[in-house]
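Inspection log for the structure reproduced underneath, given as structure tokens.
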Amino acid sequence: VNVGCVPKKVMWNTAVHSEFMHDHVDYGFQSCESKFDWRVIKEKRDAYVSRLNTVYQNNLTKSHIEIIHGHAAFTCDPQPTVEVSGKKYTAPHILIATGGVPSLPQESQIPGASLGITSDGFFQLEELPRVAKNEEGREGLILKFPSQVLRTFDSIISSNCTEELENAGIEVLKYSQGIQTDDKGHIIVDEFQNTNVKGVYAVGDVCGKALLTPVAIAAGRKLAHRLFECKEDSKLDYDNIPTVVFSHPPIGTVGLTEDEAIYKYGKENVKTYSTTFTPMYHAVTKRKTKCVMKMVCANKEEKGFAVAVKMGATKSDFDNTVAIHPTSSEELVTLR
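In this text, residue positions in the sequence shown follow the UniProt record's numbering: the first is 1, and each later residue adds one.
Structural data, given as structure tokens:
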């Protein structure tokens with residue numbers, strides 16, 4: 001909420017407005033030079049985040065949950081125990097839900113790295129930075145530790161997102177010696193969110209899997225059902241969780257990537273369908289953004305959208321569907 005999806009979405013919406021302004025002339029509107037006021041959107045964004053914090057605080061108070069502010073650290077006590085400001089707290093169950101933190105490059109890896117900021121620092125900026133890249137047309141640079149952007153997504157998404165960034169004038173520097181999965185500091189949990197320490201559990205971004213607020217909430221709810229309602233089999237099904245990246249253009253995905261499907265089902269049992277086209281919106285604009293779609297199917301039934309996939313939808317089901325016209329979604333049911 002504070003420095004994650006909520007303020008990010010506000011800034012993404014801001015950039016979308018700027019994108020549309022660039023296209024006004026192509027749609028017949030007279031050109032209008034509008035000055036962007038960073039402070040206005042920052043104050044409104046921060047106020048929104050503050051309101052949400054108040055709502056969450058009130059919900060905890062109404063539920064008679066005591067809040068202890070401070071930095072918590074686990075102790076060496078035999079029972080699950082954390083220490084905050086010199087005081088110890090012991091409980092039969094302790095849940096870690098701290099979220100994630102940015103991975104920062106060392107000065108030896110990237111000269112000048114100490115001068116950069118992460119997304120956390122971005123939300124603290126009081127003025128529009130001179131060097132940044134947004135849809136205001138500012139110059140920009142993105143430093144990526146892995147060898148590709150969005151490396152956990154399907155290859156077609158990663159390559160297309162990188163291409164769109166570069167088309168927008170952003171220089172993407174790829175650092176191939178990325179941090180290995182085992183060394184990222186993510187807490188290892190089993191399917192029931194158990195850590196290797198009895199009575200200590202973890203959910204959310206700190207586990208490094210499906211880094212989404214609704215996922216953390218759902219996992220926490222399932223864990224609570226198991227611990228306090230005697231539902232021993234209660235656990236979150238991480239399969240087919242839809243994910244969105246608010247990039248330009250935005251990205252949506254659900255299910256396995258091609259590589260994941262091949263690993264799970266074998267290359268001979270996986271078939272993919274893909275298409276690339278220019279959406280109707282850009283038929284009259286000078287600015288062109290491609291739309292890329294891909295369907296990964298497995299086994300003879302070619303099972304290949306959160307609810308649809310969960311219900312066992314197959315490729316033939318998509319083929320037999322009449323889509324809304326004219327929309328880009330038509331492409332999904334005409335993939336061949």
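For glycine and all other residues, C-beta sits at the position ideal for the given N, C-alpha and C.
* For residue 367, the first and last residue of its enclosing alpha helix (DSSP H) -> This structure does not reach residue 367, given that the chain is present from 1 up to 336, and the question cannot be answered.
* Specify the secondary structure class of C297 as computed by DSSP and reduced to three states. => Counting from 1 along the sequence shown, the entry for residue 297 is found at position 297. Strand.
Can you list, in chain order, the residues of its chain with a C-beta nearer than 7 Å to that of R151? Leave out the 5 residues immediately preceding and following it. Taking the first residue of the sequence shown as position 1, residue 151 is located at position 151. These residues qualify, in order along the chain: S158.
Which word fits C230, buried or exposed, when buried means at least 16 other C-beta atoms lie within 10 angstroms of its C-beta?
Indexing the sequence shown from 1 puts residue 230 at position 230. It is exposed - the Cβ of C230 has fewer than 16 other Cβ atoms within 10 Å.
Under 8 Å, do A216 and V203 count as touching if we go by C-beta distance?
One-based indexing of the sequence shown puts residue 216 at position 216. One-based indexing of the sequence shown puts residue 203 at position 203. Yes. Within cutoff.
**OP:** Provide the residue(s) that pair with Y201 in DSSP beta bridges, ordered along the chain.
**Re:** Residue numbering aside, residue 201 sits at position 201 when the sequence shown is read from its first letter. According to DSSP, Y201 bridges with L95 and N194.
Buried or exposed for I188, please, with buried defined as at least 16 other CB atoms from any protein chain shown within 10 angstroms of its CB.
Translated into the one-based positions of the sequence shown, residue 188 becomes position 188. Its Cβ having fewer than 16 others within 10 Å, I188 is exposed.
Runs of alpha helix (DSSP H) wholly within the region 21-91 (minimum 4 residues, chain order):
38-62
Notebook entry, point to check: What are the start and end residues of the alpha helix (DSSP H) that includes S155?
Noted result: Translated into the one-based positions of the sequence shown, residue 155 becomes position 155. S155 -> alpha helix (DSSP H) spans S155 to N167.
Quick one, are the C-beta atoms of T75 and V82 less than 8 Å apart?
The residue labelled residue 75 in the question sits at position 75 within the sequence shown. The residue labelled residue 82 in the question sits at position 82 within the sequence shown. Yes, Cβ-Cβ distance for T75 and V82 is below 8 Å.
Q) Quick one, which of V6, W12 and P7 has its alpha-carbon nearest F246's? A) Here residue 246 refers to the residue found at position 246 when the sequence shown is read from its first residue. Closest by alpha carbon: W12.
Measuring CB to CB, does C297 end up less than 8 Å from P279? Here residue 297 corresponds to residue number 297 of the sequence shown, with the count starting at 1. Here residue 279 corresponds to residue number 279 of the sequence shown, with the count starting at 1. No, Cβ-Cβ distance for C297 and P279 is not below 8 Å.
Contact check, F153 vs T275, beta carbons under 8 Å: Reading the sequence shown from its first residue, position 153 is the one you call residue 153. Reading the sequence shown from its first residue, position 275 is the one you call residue 275. No, the pair does not count as a contact, with Cβ atoms beyond the cut-off.
For Q193, which of H225, E171 and L165 has the nearest alpha-carbon? For this step, residue 193 is matched to residue 193 along the sequence shown. Closest option to Q193, Cα to Cα, is H225.
Tell me which same chain residues have a C-beta within less than 6 Å of the C-beta of Q79, skipping the five on either side of it? Residue 79 sits at position 79 when you count from the first residue of the sequence shown. Contacts found: T90.
Handout entry: Where T213 sits in the DSSP three-state scheme
Key = On the sequence shown, residue 213 is found 213 positions in, with the first residue counted as 1. It is helical.
First and last residue of the uninterrupted alpha helix (DSSP H) at Y281: Position 281 of the sequence shown holds residue 281. From DSSP, Y281 is part of no alpha helix (DSSP H); its letter is neither H nor E.
**OP:** Go to V245, then tell me how far its beta strand (DSSP E) extends in each direction, as first and last residue.
**Re:** Position 245 of the sequence shown, counting from 1, holds the residue named residue 245. For V245, the enclosing beta strand (DSSP E) covers residues T243 to V245.
Residue range of the unbroken alpha helix (DSSP H) whose run includes D259 = Taking the first residue of the sequence shown as position 1, residue 259 is located at position 259. Unbroken alpha helix (DSSP H) run through D259: E258 to Y265.
request  = Report the three-state DSSP secondary structure of T289 (helix, strand or coil).
outcome  = Here residue 289 corresponds to residue number 289 of the sequence shown, with the count starting at 1. Three-state DSSP puts T289 in coil, outside helix and strand.
Buried or exposed: which applies to D237, given that a residue is buried once 16 or more other Cβ atoms fall within 10 Å of its Cβ? Reading the sequence shown from its first residue, position 237 is the one you call residue 237. Exposed, by the Cβ-count rule.
inquiry  = On the DSSP bridge list, what partners appear for I188?
reply    = Start at 1 with the first residue of the sequence shown, and residue 188 comes out as number 188. Under DSSP, no beta-bridge partner is assigned to I188.
Inset, instruction - List the residues that DSSP assigns as beta-bridge partners of S274. - result: Numbered from its first residue, the sequence shown carries residue 274 at position 274. S274 is bridged to K294.
- Query: Looking only at C-alpha atoms, which of S34, Y48, T118 and D239 sits nearest to M311?
  - Reply: Stepping through the sequence shown from its first residue, residue 311 is reached at position 311. The shortest C-alpha separation from M311 is found at D239.
With three or more beta-carbon pairs closer than 8 Å as the criterion, would you say the region 7-21 touches the region 52-70? no
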